[in-house]
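Structure (structure tokens):
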């Protein structure tokens with residue numbers, strides 16, 4: 064199978080796992096990967112460190128016994144733990160413009176607003 068596009072290996076220390084998994088979904092969609100092939104292709108593309116983590120997390124089962132959706136959930140739960148709304152709201156209100164341009168400042172606000180409950184604020188931006 065020849066793959067259109069590319070994706071780097073998952074870096075357990077640096078990668079934003081949610082964005083990485085979204086990109087993996089796009090890669091699968093572009094290549095019309097069948098559901099039955101997703102697990103095999105996924106564990107091949109994520110790299111050795113991430114595969115080792117998955118093996119540890121699914122024990123006593125094997126990685127091949129899990130679905131692609133289950134493996135994604137395992138990685139998300141491990142690498143992107145649920146954030147505290149209180150802490151994230153505090154961080155939001157501490158953002159200051161300083162020397163940033165208006166566009167950069169609004170970008171920071173929008174990025175942090177993803178983690179707090181400020182739906183009406185996001186609509187205004």
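Residue numbers (the numbering used here): 64 to 188. Quick reminder that beta carbons are idealized off the backbone N, C-alpha and C, glycines included. Bear in mind the structure is a predicted one, so any value in this text is a computation, not a measurement.
Comparing alpha-carbon positions, which option in the options lies nearest residue i?
i           : options               : result
residue 108 : 66, 139 and 158       : 66
residue 157 : 146, 176, 141 and 142 : 176
residue 101 : 80, 140, 76 and 128   : 128
residue 68  : 123, 89, 77 and 152   : 89
residue 75  : 115, 94, 104 and 154  : 115
residue 147 : 178, 162 and 72       : 178
residue 141 : 99, 91, 113 and 86    : 113
residue 133 : 166, 155, 150 and 98  : 98
When you compare only the Cα positions, how much space is there between residue i and residue j?
i           : j           : result
residue 164 : residue 110 : 38 Å
residue 121 : residue 131 : 13 Å
residue 170 : residue 162 : 14 Å
residue 123 : residue 78  : 27 Å
residue 149 : residue 73  : 29 Å
Mapping DSSP to helix, strand and coil, what is residue i?
i           : result
residue 129 : coil
residue 121 : helix
residue 110 : coil
residue 175 : helix
residue 79  : coil
residue 66  : coil
residue 164 : coil
Under the assumption that residue i contacts residue j (Cβ atoms under 8 Å), give the Cβ distance between them as a whole number of angstroms.
i           : j           : result
residue 143 : residue 96  : The pair is not a contact, with the Cβ atoms about 23 Å apart (cut-off 8 Å).
residue 84  : residue 139 : 7 Å
Would you mind stating whether residue i and residue j have Cβ atoms separated by less than 8 Å?
i           : j           : result
residue 160 : residue 168 : yes
residue 126 : residue 118 : yes
residue 92  : residue 70  : no
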